[in-house]
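**Student:** Dropping a structure here in structure tokens format, bear with me for questions.
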Amino acid sequence: MITHLQSLGLLLLLGLAGCTGSLNREVSGDSDWNSDMPPSESTTPGESTLPDQLGDLAATTEVVGSEVALFDHEQRYLALISPEDLQVRTLPLDLSPTIYRGLGPTGVIALLDPGAGKLVLVRASDLSHAELDVGPNYDTIAASPDGNYLILYHGEANASSQVLSPQQVLLVEPVPHALNTSAKTPVVLVASPLRLHYHSSSGAVLFESSKGLELVPLNAPTARTFLPFPAGFAAEELSIAPDLSRAIGRDKTDGSIHLFDLGASTRRILPSLMPATSLALLQDLDTIYYVVNGGLRRHDLPGDTSTDLVLPRETGRLLPLPEVGLLIHHDLPGASSTILVHSPATGTVAELALDHPLIDLAASPDGKSLACIHLAQPTAAGGIGPGLLSVIDLESSKIIPIMLDSPVRSYLFSADSRYLFFLLESGSSAHVVDLSTFLVETLADTADVTALGQLPGNGVFLTQRHTLGKITFVTWTDTLELRTLTGFRLNASEEP
């Protein structure tokens with residue numbers, strides 16, 4: 000049973016400057032590329048990364064325009080479902096894509112079948128499609144936020160299993176109106192990329208690998224520049240400026256902080272007598288916060304000056320959230336946690352005391368709420384105990400602990416910051432927290448939810464385990480409205 004309590008966090012005001020950023024999220028250009036990379040520090044908390052399923056069959060789900068697109072791997076067809084009228088359109092495709100990507104505002108869906116060496120582009124408006132032979136070198140797609148560029152490559156995480164030129168990258172330009180496609184001559188990079196960062200204004204992409212940083216203008220890919228990491232450098236907490244002009248990273252080997260100037264192709268180490276153990280940056284990278292010997296230090300790049308800041312307790316892990324400020328998270332002895340919220344606007348620090356250690360947290364889009372996922376405590380029999388989710392109202396410093404039947408598996412803030420949706424490890428129904436009242440509601444007829452996703456505007460969708468196919472759309476104006484569609488799979492004739 001879900002219960003709902005309220006408590007008041009302790010508020011301490013100190014005169015400190017602020018910083019913006021985000022938990023486990025890199026500052027990476029105008030927008031991160033939409034790509035199928037292994038989970039890493041760039042994974043945005045609160046977004047579902049669960050595999051979608053239809054019955055026991057794996058399926059892939061993407062939002063394209065105003066529709067949700069699913070690919071059924073067993074029956075090999077693409078289905079587009081409208082949240083408005085629950086109409087379904089299908090397109091049989093004779094391929095087995097392992098990578099599937101909706102190209103945002105272009106209304107184009109890209110499906111990559113590495114085994115067949117084929118890339119299929121489908122226009123959602125009329126399901127017309129084009130097929131491009133790309134060869135067997137590629138197993139990963141990255142899509143620019145505007146959907147005008149695709150990059151096909153073999154990621155460094157999988158390079159050991161790939162014999163054919165793992166550094167080879169193919170640029171594809173889908174033209175959504177006519178679906179004419181062009182694949183440029185493959186670009187050979189110095190090293191296989193781990194992550195990609197995109198700058199829409201300049202049309203450039205920065206490839207981040209274990210060997211260095213490689214900047215590639217998409218309109219002239221041969222005019223690329225490579226800035227190698229120094230010998231023995233093990234990049235950690237690497238952040239990229241929005242305009243791709245520079246990067247800052249901490250060497251996890253010796254704790255030194257390195258500033259990379261991508262325009263001048265230079266690197267320098269910031270002065271520090273002690274190794275840094277954590278790093279947080281403003282989005283423009285003009286101000287850096289890092290932990291030295293348990294304390295917090297601020298370094299301003301324009302003047303190259305450093306200031307040691309005083310906090311009410313020893314500094315822990317720095318968690319920058321652009322919507323809120325700089326969070327300083329510290330797990331305390333006795334299985335508790337504290338969060339210091341460092342506001343850049345007021346220069347104040349609020350200390351929020353939590354009764355249980357954290358494993359993840361995220362901020363609402365408007366920066367007024369935090370969702371804190373706590374570590375589940377083991378039972379006396381050695382099993383996993385009930386879960387705990389805390390919602391923090393940062394304007395009032397209220398901490399609302401919500402006891403759960405089992406640990407949280409996935410969670411998602413609505414785009415308008417009105418609701419927090421979450422799923423449990425137990426596989427029970429989906430639940431929602433109204434962030435204006437902090438009341439918790441169980442969504443009706445949402446058992447066996449396998450994935451949670453965001454719809455354009457205000458709304459979410461829930462894919463559910465069902466052999467005939469089942470999906471629920473949740474929208475709202477004044478109250479929550481649920482629309483459920485069952486039986487949209489091809490050849491669906493009887494209930495399981």
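If you use numbering that gives the first Met the number 0, the sequence shown corresponds to residues 0 to 495, in order. Don't be surprised by glycine CBs; every beta carbon is placed ideally from N, CA and C. Here the structure is a predicted model, which means the values were calculated and not measured.
Mind checking residue 350: buried by the 16 CB within 10 Å criterion, or exposed?
**Tutor:** For the purposes of this step, residue 350 is taken as the residue at position 351 of the sequence shown. Buried, by the Cβ-count rule.
**Student:** Am I right that residue 134 and residue 116 are in contact with their C-beta atoms under 8 Å? What's the rounded C-beta distance?
**Tutor:** Along the sequence shown, read from residue 1 onward, the residue named residue 134 stands at position 135. Along the sequence shown, read from residue 1 onward, the residue named residue 116 stands at position 117. Confirmed, Cβ separation roughly 5 Å.
**Student:** Can you list, in chain order, the residues of its chain whose CB lies under 8 Å from that of residue 94, leaving out five sequence neighbours each side?
**Tutor:** Residue 94 sits at position 95 when you count from the first residue of the sequence shown. Taken in chain order, the residues that qualify are 75, 110, 112, 115, 117 and 119.
**Student:** Closer than 8 Å by C-beta to residue 29: which residues in its own chain qualify, once you throw out the five before and the five after it? Chain order, please.
**Tutor:** Taking the sequence shown and counting its residues from 1, one reaches residue 29 at position 30. With a pLDDT of 35 at residue 29, under the threshold of 50, the predicted position of this residue should be treated as unreliable, though the coordinate-derived value follows. Closer than 8 Å at Cβ, skipping near neighbours: 144, 197, 198, 199, 200 and 241.
**Student:** For residue 496 and residue 409, what's the separation of their Cα atoms in angstroms?
**Tutor:** An answer regarding residue 496 cannot be provided, because it is not within the stretch 0 to 495 covered by the chain.
**Student:** Could you give the distance in angstroms between the alpha-carbon of residue 447 and the alpha-carbon of residue 486?
**Tutor:** Taking the first residue of the sequence shown as position 1, residue 447 is located at position 448. Taking the first residue of the sequence shown as position 1, residue 486 is located at position 487. In a straight line, the C-alpha of residue 447 is about 15 Å away from that of residue 486.
**Student:** Since residue 348 and residue 339 should fall inside the 8 Å C-beta cutoff, what is the C-beta to C-beta distance between them, to a whole number of angstroms?
**Tutor:** Taking the sequence shown and counting its residues from 1, one reaches residue 348 at position 349. Taking the sequence shown and counting its residues from 1, one reaches residue 339 at position 340. Right, the Cβ-Cβ distance comes to about 5 Å (below 8 Å), so this counts as a contact.
**Student:** Consult DSSP for residue 221 and reduce its assignment to one of helix, strand or coil.
**Tutor:** Here the question's residue 221 lines up with position 222 in the sequence shown. Three-state result, residue 221: coil.
**Student:** Can you check DSSP and say which residues form a bridge with residue 194?
**Tutor:** Here residue 194 refers to the residue found at position 195 of the sequence shown. BP columns for residue 194 point to 207.
**Student:** Taking contact to mean at least 3 C-beta pairs separated by less than 8 Å, is the stretch 237 to 256 in contact with the stretch 215 to 224?
**Tutor:** No contact exists between the stretch 237 to 256 and the stretch 215 to 224.
**Student:** For residue 418, write down the residues that DSSP places opposite it in a beta bridge.
**Tutor:** Position 419 of the sequence shown holds residue 418. The partner list for residue 418 (beta bridge, DSSP) reads 433.
**Student:** CA-CA distance, residue 212 and residue 253?
**Tutor:** On the sequence shown, position 213 is the one that residue 212 refers to. On the sequence shown, position 254 is the one that residue 253 refers to. Distance between the alpha carbons of residue 212 and residue 253: 20 Å.
**Student:** Identify every run of the beta strand (DSSP E) within the stretch 51 to 100, keeping only runs that are complete inside it and at least 3 residues long; order them along the chain.
**Tutor:** You should have 51 to 53, 56 to 63, 66 to 71, 76 to 80 and 87 to 91.
**Student:** What residue range does the beta strand (DSSP E) around residue 393 cover?
**Tutor:** On the sequence shown, residue 393 is found 394 positions in, with the first residue counted as 1. From DSSP, residue 393 is part of no beta strand (DSSP E); its letter is neither H nor E.
**Student:** Taking Cβ positions, are residue 295 and residue 370 nearer each other than 8 Å?
**Tutor:** Taking the sequence shown and counting its residues from 1, the one referred to as residue 295 is at position 296. Taking the sequence shown and counting its residues from 1, the one referred to as residue 370 is at position 371. In this structure, residue 370 does not lie closer than 8 Å to residue 295 by Cβ.
**Student:** Report buried or exposed for residue 208, applying the criterion of at least 16 other Cβ atoms within 10 angstroms of its Cβ.
**Tutor:** Within the sequence shown, numbered from 1, the residue matching residue 208 stands at position 209. By the neighbour-count rule (16 or more Cβ atoms within 10 Å), residue 208 is buried.
**Student:** Terminal residues of the continuous beta strand (DSSP E) containing residue 245?
**Tutor:** To locate residue 245, count along the sequence shown from 1; it is residue 246. Residue 245 -> beta strand (DSSP E) spans 245 to 250.
**Student:** Going straight from the alpha carbon of residue 453 to that of residue 372, what length do you get?
**Tutor:** The count along the sequence shown starts at 1 and reaches residue 453 at position 454. The count along the sequence shown starts at 1 and reaches residue 372 at position 373. Their Cα atoms are separated by approximately 20 Å.
**Student:** Around the C-beta of residue 183, are 16 or more other C-beta atoms found within 10 angstroms, so that it is buried, or is it exposed?
**Tutor:** Start at 1 with the first residue of the sequence shown, and residue 183 comes out as number 184. With fewer than 16 Cβ atoms within 10 Å of its Cβ, residue 183 is classed as exposed.
**Student:** From 433, 463 and 439, pick the residue whose C-alpha is nearest to that of residue 475; which is it?
**Tutor:** What you label residue 475 is simply residue 476 of the sequence shown in a count that begins at 1. Measuring from the Cα of residue 475, the nearest candidate turns out to be 433.
**Student:** Where residue 392 and residue 374 are concerned, what is the direct C-alpha to C-alpha distance, given to the nearest angstrom?
**Tutor:** Numbered from 1 along the sequence shown, position 393 holds the residue referred to as residue 392. Numbered from 1 along the sequence shown, position 375 holds the residue referred to as residue 374. Computed Cα separation, rounded: 20 Å.
**Student:** Beta strand (DSSP E) containing residue 271: first to last residue?
**Tutor:** The residue you call residue 271 lines up with position 272 of the sequence shown. Segment: none, residue 271 is in no beta strand (DSSP E) and carries neither H nor E.
**Student:** Can you have a look at residue 237 and say buried or exposed, based on whether 16 or more other CB atoms are within 10 angstroms of its CB?
**Tutor:** On the sequence shown, residue 237 is found 238 positions in, with the first residue counted as 1. By the 10 Å Cβ count, residue 237 comes out buried.
**Student:** Got a sec? Which residues, its chain only, sit under 7 Å from residue 101 by beta carbon, not counting five neighbours each side?
**Tutor:** On the sequence shown, residue 101 is found 102 positions in, with the first residue counted as 1. Within the same chain, residue 101 has close Cβ partners 61, 62, 63, 68 and 108.
**Student:** Sort 167, 427 and 265 by Cα distance to residue 227 and report the nearest one.
**Tutor:** Sequence index remark: in the sequence shown, residue 227 carries index 228 (1-based). Of the listed residues, the one whose Cα sits closest to residue 227 is 265.
**Student:** Taking the C-alpha atoms as reference points, what is the distance between residue 260 and residue 278?
**Tutor:** For the purposes of this step, residue 260 is identified with residue 261 of the sequence shown, where counting begins at 1. For the purposes of this step, residue 278 is identified with residue 279 of the sequence shown, where counting begins at 1. So the alpha carbons of these two residues sit roughly 18 Å apart.
**Student:** When you compare each of 206, 309, 185 and 412 to residue 459 by their alpha carbons, which one comes out closest?
**Tutor:** As a working note, residue 459 is residue 460 in the sequence shown. Comparing Cα positions, the closest option is 412.
**Student:** Tell me residue 233's beta-bridge partners as DSSP assigns them.
**Tutor:** Position 234 of the sequence shown, counting from 1, holds the residue named residue 233. Its beta-bridge partners do not exist; DSSP assigns none.
**Student:** Distance check for residue 449 and residue 465, CA to CA, integer angstroms please.
**Tutor:** For the purposes of this step, residue 465 is identified with residue 466 of the sequence shown, where counting begins at 1. For the purposes of this step, residue 449 is identified with residue 450 of the sequence shown, where counting begins at 1. Each residue's Cα considered, the two are about 10 Å apart.
**Student:** Quick one: is residue 353 buried, meaning 16 or more other Cβ sit within 10 Å of its Cβ, or exposed?
**Tutor:** For the purposes of this step, residue 353 is taken as residue 354 along the sequence shown, with counting starting at 1. When all chains shown are included, residue 353 counts as buried.
**Student:** Quick one, which of 305, 90, 400 and 136 has its alpha-carbon nearest residue 187's?
**Tutor:** Working through the sequence shown from its first residue, we reach residue 187 at position 188. Nearest of 305, 90, 400 and 136 to residue 187, Cα basis: 136.
**Student:** Tell me whether the beta-carbon of residue 402 lies closer than 8 Å to the beta-carbon of residue 387.
**Tutor:** Counting from 1 along the sequence shown, the entry for residue 402 is found at position 403. Counting from 1 along the sequence shown, the entry for residue 387 is found at position 388. Yes, the Cβ-Cβ distance between residue 402 and residue 387 is below 8 Å.
**Student:** Apart from the five residues just before and just after residue 224, which ones in its own chain have a Cβ nearer than 8 Å to its Cβ?
**Tutor:** Stepping through the sequence shown from its first residue, residue 224 is reached at position 225. Counting only Cβ-Cβ distances below 8 Å, and skipping sequence neighbours, we find 213, 214, 261 and 264.
**Student:** Only counting the same chain, and skipping five residues up and downstream in sequence, which positions put a Cβ closer than 8 Å to that of residue 292?
**Tutor:** Looking up residue 292 in the sequence shown gives position 293. Only 273 meet the Cβ criterion.
**Student:** Put residue 377 into one of helix, strand or coil per three-state DSSP.
**Tutor:** Against the sequence shown, residue 377 aligns to sequence position 378. Strand.
**Student:** Give the straight-line distance between the Cα atoms of residue 439 and residue 431, rounded to the nearest whole angstrom.
**Tutor:** The residue you call residue 439 lines up with position 440 of the sequence shown. The residue you call residue 431 lines up with position 432 of the sequence shown. One C-alpha to the other measures close to 6 Å.
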